[in-house]
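Undergrad: Start counting the sequence shown at 3; every next residue gets the next number (our numbering). Beta carbons are placed, not taken as given, at the ideal position from N, Cα and C, and that holds for glycine. My structure is below; once you've seen it, I'll send some questions.
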Amino acid sequence: MKKTLLTGLIVLGLFVSAHAEDGAALYKKCAGCHGPVGEKAALGASKIIKDMSHTDFVAALNGYKDGSYGGAKKGIMKGQVTALNEAQIEALATHIVK
3 MKKTLLTGLI VLGLFVSAHA EDGAALYKKC AGCHGPVGEK AALGASKIIK DMSHTDFVAA
63 LNGYKDGSYG GAKKGIMKGQ VTALNEAQIE ALATHIVK
């Protein structure tokens, strides 16, 4: 019984690890506009994302998704973030906001 439970926990741990979001991998799509470490104002207009707080970064991405955040060029970001789920947004925030 203990062996079966232990095996199940190990398999579950491997499954969760394999499906954990990788912020660095996700950020590769962002780096072209925001710079390798989030140091650029995308299209010369955005905030410097590396200087945002974790909370503000997550709120901004969720705001782009629902249309409640952003300026004249927010449609560009909406297209980028629409397919991101909550875990992916958190992974990006953890990766870029130090």
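1. Keeping to the same chain, check which residues put their C-beta closer than 8 Å to that of H56; ignore five residues upstream and five downstream.
2. Identify every run of the alpha helix (DSSP H) within the stretch 20-78, keeping only runs that are complete inside it and at least 4 residues long; order them along the chain.
3. Measuring alpha carbon to alpha carbon, tell me which of D53, K52, A62 and H36 ends up nearest L45.
4. Tell whether a beta-carbon distance below 8 Å holds between G65 and Y71.
5. Tell whether a beta-carbon distance below 8 Å holds between D24 and A85.
6. Quick check on DSSP: helix, strand or coil for Q82?
TA: The answer reads as follows:
1. A95, T96 and V99
2. 25-29, 33-36 and 56-68
3. H36
4. yes
5. no
6. helix
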